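The sequence shown: position 9 = 9 (the working numbering), numbered continuously.
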Amino acid sequence: MTFTDCIHPELLKALAQAGHGSNILIADGNFPADIGVPERAAKVFLNYAPNKPLVPEVLETVTKLVNVESALVAVRDDGKDTPIMDEFRSLLPEGTPLEKVGRWDFRAACMAPETGLLIQTGDLRLYGCILLTVGIRTE
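Okay, structure coming up:
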């Protein structure tokens, strides 16, 4: 048994296998897990009920386990932030770049070969996904 904020064996394994430059997608409940990431990407399904767990809850745990170099999110067609954006900003380590792109550019980024892990949540909020790039370990 580990003494970390995460006790999910599959998630711990997948996070341990992610290296510098790997992408980790924390997906909302509407994201198409079967076709939205490369076929070889590990998939961990945490979605057990509508809005359980929420993307920010998973993000909070993941940021305690890996160094996040940068993050990418999709924005609405009108370019305005959604309420979840404030949660992302507050949970990402200070100074982490948070890039905003259109929905289809975001989907293309999720399909990049660097995406090695999809964590599916039950979060039903629109534009609730966040794509993290793993940084280097310095300690």
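Here a beta-carbon is modelled for each residue, glycine too, at the ideal position from N, C-alpha and C.
Keep in mind the model is a prediction, meaning the values are calculated, not measured.
Taking 4 residues as the minimum length, the alpha helix (DSSP H) runs contained wholly in the region 98-138 are 103-110, in order along the chain. Between L54 and D123, the gap from beta carbon to beta carbon is short of 7 Å.
Contact annotation, T96 with A74: C-beta distance approximately 17 Å; criterion of less than 8 Å not satisfied. In the structure shown, S90 adopts helical secondary structure according to DSSP, grouped into three states. Between the alpha carbons of D34 and C129 lies a distance of about 15 Å. As a beta-bridge residue in DSSP terms, S70 pairs with T133.
In this structure the region 132-139 touches the region 22-38; the number of beta carbon pairs closer than 8 Å is three or more. Per DSSP, the beta bridge partners of I24 are L117, L132.
Of the residues assessed, E87 falls on the buried side of the cut-off, its CB having 16 or more other CB atoms within 10 angstroms.
Note that the C-beta distance between L117 and A16 is not below 7 Å. Classified as exposed, T138 has fewer than 16 neighbouring CB atoms from the shown chains inside 10 Å of its CB.
P113 is positioned such that its CB atom lies no closer than 7 Å to that of L91.
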